[in-house]
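Just below is one structure, and these are the notes that go with it.
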Amino acid sequence: MSNKVAILKDKNENITDIYNLSKIDIYERNTIWKISYTIDDIEPIMTNLITIRIFLEQIMKQLKDCKIIVGKTIVGIPFHILDRNGYVLCESEAFSIKLLDQLYFDYCLEGKKDNIQESKYVPGVPQPFDHDGNYFFDFIEVQKYRPEITSKKALIPFLSNELFKTLTIQCSHIMPWLESFLNLKKYQFKIKREQGKYLIVIFSDKL
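Each step along the sequence shown adds one to the number in this note's numbering, with nothing skipped, and position 31 is 58.
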């Protein structure tokens with residue numbers, strides 16, 4: 028992996044998400060960190076799944092060999108597309124050289140990469156299982172391998188912002204906040220229990 032890190036920024040030079048993106052600074056480390064190049068005048072057009080893919084394909088071409096991306100939040104469909112294309116996706120509230128150094132030691136140095144590949148990766152957000160807007164989220168696996176991720180952190184951004192047809196959640200219990208949240212957002216859903224696990228299927232008409 029190259030010694031480069033892409034920082035997503037808004038028009039005010041603050042770290043931002045994909046949807047409010049205005050520019051990307053690509054930092055490169057030789058002996059010190061310097062901006063290698065900048066992708067300017069970005070205007071995200073992401074009204075549906077097709078436009079999101081087209082926009083991200085353009086960004087990936089401009090990133091060249093930079094495979095580490097830092098944003099305020101990177102969730103939902105953009106996360107899935109970038110993750111499938113081999114990008115390391117990190118979240119941070121603010122930019123600092125210390126942040127770049129930590130990413131360098133975690134992902135760029137030889138030896139660290141092998142540890143990442145050997146460990147079991149469990150996505151912390153819902154994942155698409157077809158091209159028709161149907162998603163799946165295994166919260167049982169998340170609780171086991173990524174206990175720092177709460178159900179609210181994983182699901183509220185997705186349910187509030189993403190376009191989908193159905194979301195199936197596998198869990199060991201019904202999250203106490205979920206039903207009231209779904210009713211508030213006017214989502215249709217059904218819950219069934221099988222083999223000691225719950226399956227919650229949420230239906231959306233936004234896609």
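Glycine is no exception: its CB is placed at the ideal position from the N, C-alpha and C atoms.
Computed from a predicted structure; not experimentally measured.
Residue pairing by DSSP places VAL32 opposite TYR54 in a beta bridge. Exposure of ASN210 is indicated by the presence of fewer than 16 other C-beta atoms within 10 angstroms of its C-beta. The continuous alpha helix (DSSP H) containing SER207 extends over residues 205 to 211. When the Cα atoms are used, GLY160 and PHE191 turn out to be separated by approximately 5 Å.
For THR195, the enclosing beta strand (DSSP E) begins and ends at 193 to 198. ILE45 is positioned such that its CB atom lies no closer than 9 Å to that of GLN89. When Cβ pairs closer than 8 Å are counted between the two stretches, the region 34 to 42 is seen to touch the region 51 to 61, the count reaching three or more. Using a Cβ distance threshold of 9 Å, THR193 and PHE230 count as a contacting pair.
When the Cα atoms are used, ASN39 and PRO150 turn out to be separated by approximately 31 Å.
Between the region 216 to 227 and the region 197 to 206 there are three or more inter-stretch CB-CB distances shorter than 8 Å, so the stretches are counted as touching. If you ignore the 5 residues before and after TYR162, its C-beta comes within less than 6 Å of the C-beta of PRO153, PRO155, PHE191 and LEU194, all in its own chain and listed in chain order. Taken through DSSP and simplified to helix, strand or coil, PHE185 comes out as helix. Taking 4 residues as the shortest admissible run, the region 146 to 180 contains the following complete alpha helix (DSSP H) segments, listed from N- to C-terminal end: 166 to 172.
Out of LYS171, TRP60 and ASN188, the CA that lies nearest to the CA of SER123 is found in TRP60. Bounds of the beta strand (DSSP E) holding LEU226 are 224 to 230. Straight-line spacing of the CA atoms in SER63 and GLU84 works out to 21 Å.
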